[in-house]
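Everything on this sheet refers to the single structure shown next.
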Amino acid sequence: MSMTMKQPAEIRRRLEDYDLITGRARFVDDIRLNGRPPILHAVFVRSPYAHAIIEGIRLDEARSLPGVVAAFSAADLTELPPIFAVPVPGVKRPEKQPLAKDRVRYVGEPVAVIVAESLAVATDALDLVEVDYEPLPAVSDPEAALAADAPLLYPEFGSNVAFEMPLKAGNVEEAFARASHVTRLRLENQRLAPSSLENRACLFDYDPETGQLSAWLSSQAVYQAHQVLAEALGLDHRHVHVHNAMSGGGFGAKTRLGGEELVCAALAHRLGRPVKWIETRRENLQAQTHGRGQINYVEAAYQDDGRLLALRLRNIADLGAFLLGITALVPIRTPRLVCGAYQVEAVESTVIGVFTNKVPTMAYRGAGRPEATYIIERVIDRIAAELGLDPVEVRRRNMISPESFPYETVTGQRYDSGNYQAAFDRLLELADYEGWRARQRQRRASGDPRLLGIGLATFTEISGDEGGQPREAATVRIRPDGTVVVESGVSSTGQGHVTAFTQIASEVLQIAPEHVEVHLNDSRLPAFSIGTFASRVTQMGGSVVLLAAQAVREKVLRLASHALEAAPADLVLQNGRVMVQGAPTRSLTLGELARLAEEQPALLEPEPPDPLTGQPITGLAARRDFASGPTFSFGAHMAVVEIDTETGEVHPLSYVAVDDAGRILNHTLAEGQLHGGLAQGIGQALYEQVLYDEHGQLISGTLQDYALPLATMLPPFTSDFVESPSPNNPLGAKGIGESGTIGAPPAIVNAVLDALAPLGIKEIDMPLTPEKIWRTLQTARSST
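For the sequence shown, my numbering assigns the number 1285 to the initial residue and increments by one for each residue that follows.
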């Protein structure tokens, strides 16, 4: 598909931020329901044990507390189906109910729910619930969970292995036999807590008189939520209406509804009153899904010139206690993406998914890409170190050449377009690579105790959709007052979709941005989207807005051709008017044409009704859907760090990123996504880690124990873009939302290892905390 849109004039200031900065934004907790009964508040009784049999739950005392409306255990909510997990062939899928029924398998698992007239009363009632547990042995280490004598989460399975997924691509044996060298690494991507500013939140209202269920969520996928709620409660989908309130972030963890949301929906349905649940921060750290959680054993075969031939991988994926959504798919994706920006001849891997007594892992910003990039970029730097070569030169010798695109990796990933060398060269220039190397040599020669390190990382980022079925739709309409309405199925969690869609529609229809309205976050719009994740919205949601706007433009010109008695080729669309070229007094406004379309609908071919709602698409409007293959972005990042050898503290001094995300529609939005991702990626490298003890107790259960980076802990960011438009969508766009979380961890870790290299230190695991660095330094010094 070729580019069909010129670069639109950028909107420099985000259009959706006014309500946020003035306090007018309405999050779930701000929703008020006029004319309905008072809202009930739900709280959950959670397990203090990582593994235990539930022998009994006594709720009578809690039920008797004044203000408590109801209290339920799993036995009282038998109508709810098991929690959904994407079916994957060969993967064991234990049935997980929204409330634990007979056994708990992680600390924080919900076992009962209390509904009260106020949050204070509901919270007080928690202390009145008595649960009899028979504690069982727990296992929190995924490698320990593989032992023959490990405690079993599901005795019926006979082991804690959920799946073993092999992959063999290329002639691995021949490549290793031909190699001059083989290096081995053990790499760990620690568990991370998504930690969005707003925790999970939901409000459900069921009206028994109308049979209507209304939902207000903090969600990344309102149409998915609509489908799940209708199926879970046995309701006609036309009687379910899902709104996405203003949402304070998601990062992948709010893609699917969890058990708590389904319980609250069932309570509203049963009680006929609105039910609200707002997750606390402790609950969020304890019971929302985590990200990452992979241990990778890597063998790399390479030549004397630094050329990487082949990889052997053994990936141990810590799945947690059960599967939710794409829990299994994230680690399975990792080896398929491991080639990165390089020409690797062969890859052999086994991914072992392991059940542990922890909250499940699922999507978290990057979802398999950061894990794959961390493997290949650590390998490239290890090759450079062992051969005494510059890491820049090793990357250049392995990098895919510009003339190779479209390029298919040995693992079957088809890279649509790119010029990796140009972006890499731009990075080295912009970041002053040679200047930093010179300063590093000076420091080392002078004996300066402050260790200076320079780290590089290049990566690819798959984004968009796979498969040919349309999974995005939007409607664009012109109102009789001349304004334009864009109706999209996208759920916004802060990315700037309103700004991007306004920019696209205003350019196509030649109307000022202030005359464009964008409607999102509502399952009753004549639109559709599988959700806001996988960096897919600009290329998918933006493309379908473009297609709908272009269809409306064609209707405008056909209608104006009839009204002005001029050929469409002789018409000019400009500033909200259609004029006859050379005769500007012969013109009609978009509003006049919209009124004409309403008065004489036969002048236009009718649009098919919306397939979800059945509602007709009338007037000067068009609904379009879109499907395409995925795109692959590229990034080249460089970090400079300084290590205080007395304290072990790592001080990032500089971070430079050059990204190729196809056509950049709006640099402000692209840089915002990049900066946010870099903060999270640097957070993983230096600060963040979900920690459990050997008994499955959560150690990092508060923000005093789970270290999120502050702005003062991050370096200044410098960014630039190289554009290789994608042929897979009409905008030529690719994703950039996860770039920072993919590139930053290996860039920072490579920089730290570069600083420590003179001491002979080759290995260190994230997060690179001061204590860990200090102990590593002491060990290295004592061994010399």
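Glycine included, every Cβ here is placed at the ideal spot set by N, Cα and C.
query: Please classify SER1443: does DSSP put it in a helix, a strand, or coil?; result: coil
query: Taking 8 Å as the threshold (C-beta atoms), are VAL1774 and ALA1529 in contact?; result: no
query: So what does DSSP say about MET1287, is it helix, strand or coil?; result: Legend: pLDDT at MET1287 = 39, less than 50; position of this residue unreliable, value from coordinates given subsequently. Here MET1287 sits in coil by DSSP.
query: GLY1652: buried (16+ other C-beta within 10 angstroms of its C-beta) or exposed?; result: buried
query: To the nearest whole angstrom, what separates the beta carbons of LEU1841 and VAL1862, a pair I think is in contact under 8 Å?; result: 7 Å
query: On the criterion of 16 or more Cβ atoms from any shown chain inside 10 Å, does GLY1442 qualify as buried, or is it exposed?; result: exposed
query: Entirely within the segment 1770 to 1856 and at least 4 residues each: give me those alpha helix (DSSP H) ranges in chain order.; result: 1781 to 1793 and 1827 to 1848
query: Against chain B, does TYR1990 count as a neighbour if the rule is that its beta carbon must be under 8 Å from one of theirs?; result: Reference to chain B is not applicable here, since this structure consists of a single protein chain.
query: How many Å lie between PRO1890 and ASP1489 at the Cα?; result: 36 Å
query: Find the nearest neighbour of ARG1725 within the set LEU1714, ILE1738 and LEU1607, judged by alpha-carbon distance.; result: ILE1738
query: Please report the distance separating the alpha-carbon of PHE1967 from that of GLY1960.; result: The residue asked about is misnamed: residue 1967 is Gly in this sequence, not Phe. If you take the alpha carbons of GLY1967 and GLY1960, they lie about 11 Å apart.
query: Using C-beta distances below 8 Å, list every residue in its chain close to MET1287, excluding the 5 sequence neighbours before and after it, in chain order.; result: Low confidence applies to MET1287: its pLDDT is 39, below 50, so where it sits in the model is not reliable, and the reading given next is rough at best. Around MET1287: ARG1947, PRO2009, PRO2014, LEU2015 and GLY2016.
query: Rounded to whole angstroms, what's the CA-CA distance from MET1922 to VAL1940? Just pull it up for me.; result: 5 Å
query: Could you give the residue range of the alpha helix (DSSP H) that holds VAL1512?; result: 1506 to 1517
query: Answer yes or no: do LEU1613 and ASN2034 have a C-beta to C-beta separation smaller than 8 Å?; result: no
query: Is DSSP giving VAL2072 helix, strand or coil here?; result: Any property of residue 2072 remains undetermined from this structure, which presents the chain solely from 1285 to 2068.
query: Using three-state DSSP, classify MET1997 as helix, strand or coil.; result: helix
query: Figure out for me which residue from PHE1812, GLY1374 and VAL1800 has the closest Cα to the Cα of ARG1755.; result: PHE1812
query: So is PRO1321 buried or exposed if we call it buried at 16+ other beta carbons inside 10 Å?; result: exposed
query: Using the three-state DSSP reduction, which class does HIS1325 fall into: helix, strand or coil?; result: strand
query: Buried or exposed, going by whether 16 or more other CB atoms sit within 10 Å of the CB of GLN1823?; result: buried
query: Consult DSSP for ARG1879 and reduce its assignment to one of helix, strand or coil.; result: helix
query: List the DSSP bridge partners of ILE1562.; result: ALA1485
query: From ALA1334 to ASN1950, what distance separates their C-alpha atoms?; result: 47 Å
query: Reducing DSSP to helix, strand and coil, say where SER1917 ends up.; result: strand
query: Please report the Cβ distance between ALA1784 and VAL1768, rounded to the nearest whole angstrom; I am assuming they are in contact, meaning their Cβ atoms lie under 8 Å.; result: Wrong, their Cβ atoms sit about 15 Å apart, outside the cutoff.
query: Given 8 Å as the limit, is there contact between the segment 1379 to 1394 and the segment 1451 to 1467, that is, 3 or more CB pairs closer than that?; result: no
query: Could you check what DSSP says for LYS1642 in three-state terms: helix, strand or coil?; result: coil
query: With respect to the beta strand (DSSP E) encompassing ILE1459, which residues constitute its N-terminal and C-terminal limits?; result: Residue 1459 is actually Ala in this sequence, not Ile. Where ALA1459 is concerned, there is no enclosing beta strand (DSSP E), although the alpha helix (DSSP H) it sits in stretches over 1456 to 1462.
query: Need the endpoints of the beta strand (DSSP E) that VAL1934 sits in, please.; result: 1934 to 1944
query: Starting from TYR1581 and walking both ways along the alpha helix (DSSP H), at which residues does that stretch end?; result: No alpha helix (DSSP H) holds TYR1581; the beta strand (DSSP E) holding it covers 1575 to 1586.
query: Kindly confirm or deny that the segment 1358 to 1377 and the segment 1601 to 1613 touch, where touching means at least three C-beta pairs closer than 8 Å.; result: yes
query: Is ALA1715 helix, strand or coil by DSSP?; result: coil
query: Leaving out the 5 sequence neighbours to the left and right, which residues in its chain are closer than 8 Å to GLY2110 when beta-carbon positions are compared?; result: Outside the shown range of the chain, which is 1285 to 2068, sits residue 2110, and nothing can be said about it.
query: Tell me, please, whether the segment 1926 to 1934 touches the segment 2050 to 2064 by the rule of three or more beta-carbon pairs shorter than 8 Å.; result: yes
query: Beta-carbon separation of LEU1855 and ALA1844 under 8 Å?; result: yes
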